[in-house]
Structure formats: structure tokens, C-alpha cells
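Some notes on the structure that comes next.
Residue numbers (the working numbering): -3 to 105.
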């Protein structure tokens, strides 16, 4: 365990992170996740014979959009449930499975 001793003013500018820069994206869905979610909706509509799978893809996209508009973190439970339903329902080798996994990674699942 390390001990850090601060001598002097600690309320001044700090130099944390890579090259003194901290990027916090928690609460704002990454633009990449939104694009992938839109791609997922389109792909599932084209590939899947089951309409409920397209509805699950829309849930993912809709949650990411709403979270971004409201400036809050995306509801990971809601997204996780929809992505799990999608991955079970999509055919093995489908590009949709890869998209679902990447969206999950981007939103921290």
C-alpha cells in the first residue's frame, strides 16, 4: 500500500491521466455504441425471421438514445437483457452476435 503526502495547496490544477488529461464518459453513451445499435437494428430486421428480435434491438438503441438525451448512464440491466435475448435468438455466425457483444463492451457489460 502506498502513502501520498500532500504538502501545500491541493486545490490547484492537477495533472492526472495520460498527458494530464482525464476523459470521463460515464453517463454519455459513446457515439460508437449508438452507431452499432443502429446497425444492429438494421441487421436483425434483415436476418431474423422473428420480429421480437428486432424489437429487442430497438430496445437497445432506444435506451442508448434516451440516456444520451437525458445525460444519464444507460440502463445496463435493460440493455443486458435485450442483448442476451438477441444473442440466444440469432443464428450462430450471425454478424448480429458480434455487434451485440461489441455494444455490451462499449456500455460496460
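For glycine and all other residues, C-beta sits at the position ideal for the given N, C-alpha and C. None of the values given here were measured: they were computed from a predicted structure.
DSSP state of residue i mapped onto helix, strand, coil
i          : result
residue 36 : helix
residue 86 : coil
residue 98 : helix
residue 61 : helix
residue 47 : helix
residue 29 : helix
Closest residue to residue i among the options (Cα-Cα distance)
i          : options    : result
residue 36 : 48, 92, 72 : 92
residue 50 : 82, 27, 28 : 82
9 Å Cβ cutoff met for residue i and residue j
i          : j          : result
residue 64 : residue 95 : no
residue 27 : residue 99 : no
### Query
Is the region 73 to 90 close to the region 45 to 61, with three or more CB pairs under 8 Å?
Using a C-beta cut-off of 8 Å, the region 73 to 90 makes contact with the region 45 to 61, since at least three inter-stretch Cβ pairs fall below that distance.
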